[in-house]
Amino acid sequence: MLWVLGGLIVGVIAGATRGTFIDRALMILSLIGVSIPVFWLGEVANLLTQSRWHDTWLFSWVPPLGYIPLTKDPWGWFKALVIPWFTLATLYVGLYGRVLRASLIEMMQEDFIRTARAKGIGERRVLLHHGLRTSLVAFVTMFGLDFGALVGGGALLTEVVFGLQGVGKLTYEALQTLDLPMILATVIYASFFVVMANFVVDVVFVFIDPEGSRCPLTLPFSSSRVSPYPSAATRGWCGLWQASRLPSSSGRSSVSSVSPVPAKARPCWPSWG
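Take the sequence shown: its position 10, counted from the start at 1, is 10 in this note's numbering, and no numbers get skipped.
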């Protein structure tokens, strides 16, 4: 989760200080982080922490390369993984920070932001409560896909460089020996987590997307009512539920028997104030 926290901090600070020296400095650092290959950064980290500066007070606590089980030594597990964590997060912090900054700047120019400012709401509340929340849609989408890919073995280079036993290193060893059954198993394993991540992202959208937190038209029991939502997935489970009850091409409802309750707009989930 380091890259999520780092991306949020970088994106919010850069978006709030648009055009200033802080904004330019953060964007330059983000671009450097995105441009650095993970395997090269890992090798440099190993060179400094395992060889050159290992005897100094700065990195004397770093254990040898390899994985230490959490149940065996929790503190040793943390020390063995903290350097790989930061190495892997460097790329994503820069990428997520740049995406969040662009989305935040775009959202801060919308009409609802000007309305919030006209009502006398403080700039910090406008930025964090209104601007940031609506800007998290792209952020959450990227996080869901990247997290699913990493859990499924996307951290292959990091695991190989630091000697960590994981799905990525298992895939690397299978590729070296052309172990086709193992390669197929790891690909299916990774695909499962990518699909599950997409599912979780669609559910989370109901709570963070203002357009998806309230159904524009609910319970279309009458055949004369037509649902206007473009995507049931992004509108939440209420959209999926209503889409199953839309009139078919023959003019009849897809549900065999429904009670004649008048169609009425109502929220699917509690609305954000």
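Backbone N, C-alpha and C fix where the C-beta goes; we use that ideal spot for every residue, glycine too. All figures in this text were calculated on a predicted structure; none of them were measured in a lab.
Worksheet item: DSSP state of A150, grouped into three classes?
Response: First, the residue type needs correcting, since residue 150 is Leu and not Ala in the sequence shown. Helix, per DSSP.
Practice prompt. Closer than 8 angstroms by C-beta to W241: which residues in its own chain qualify, once you throw out the five before and the five after it? Chain order, please.
Written response: Unreliable positioning characterises W241 in this predicted model, as indicated by a pLDDT of 43, which lies under 50. The coordinate reading is nonetheless provided below. Here the set comprises nothing.
Item to complete: Answer with buried or exposed for T171, where buried requires no fewer than 16 other C-beta atoms within 10 angstroms of its C-beta.
Response: buried
Item to complete: Counting only the same chain and skipping the five closest in sequence on each side, list residues whose C-beta sits under 8 angstroms from that of I105.
Response: G15 and R18
Item to complete: Count the other CB atoms, across all protein chains shown, that sit within 10 Å of the CB of D146; report buried if there are 16 or more and exposed otherwise.
Response: buried
Discussion item. Tell me the residue span of the alpha helix (DSSP H) that contains V167.
Written reply: V167 to T177
Discussion item. Can you tell me whether V62 is helix, strand or coil according to DSSP?
Written reply: coil
Worksheet item: Does the beta-carbon distance from G94 to G163 come in below 8 angstroms?
Response: no
Worksheet item: Got a sec: is the Cβ-Cβ distance from K169 to anything in chain D below 8 angstroms?
Response: Here there is only one protein chain, and chain D is not present.
Worksheet item: In three-state DSSP terms, what is R124?
Response: helix
Worksheet item: Hey, out of V12, P74 and T87, whose CA is closest to L26's CA?
Response: V12
Item to complete: Verify whether the separation of the beta carbon atoms of E84 and G76 is less than 8 angstroms.
Response: Reading off the sequence shown, one finds Pro at residue 84, where the question assumed Glu. No, the Cβ-Cβ distance between P84 and G76 is not below 8 angstroms.
Worksheet item: For L127, which of S103, F21, W3 and V194 has the nearest alpha-carbon?
Response: S103
Fill in: Element boundaries [alpha helix (DSSP H), containing S191]
L180 to I208
Practice prompt. Let me know the secondary structure DSSP gives M1 once reduced to three states.
Written response: coil
Fill in: Host alpha helix (DSSP H) of Y67 (start-end)
Premise fails: Y67 is in no alpha helix (DSSP H) and is neither H nor E.
Fill in: Best match in R114, L157 and W61 for proximity to T87 [C-alpha to C-alpha]
L157
Worksheet item: On the three-state DSSP scale, how would you describe Q109?
Response: coil
Item to complete: Would you decide whether E123 is buried or exposed? Buried here means 16 or more other CB atoms lie within 10 Å of its CB.
Response: exposed
Worksheet item: Should G120 go down as buried or exposed, given a rule of 16 or more other Cβ atoms within 10 Å for buried?
Response: exposed
Item to complete: Could you check the C-alpha separation between R98 and L58 for me, to the nearest Å?
Response: 31 angstroms
Worksheet item: Applying the criterion that 16 or more other CB atoms from any shown protein chain within 10 Å of the CB defines a buried residue, is D202 buried or exposed?
Response: buried
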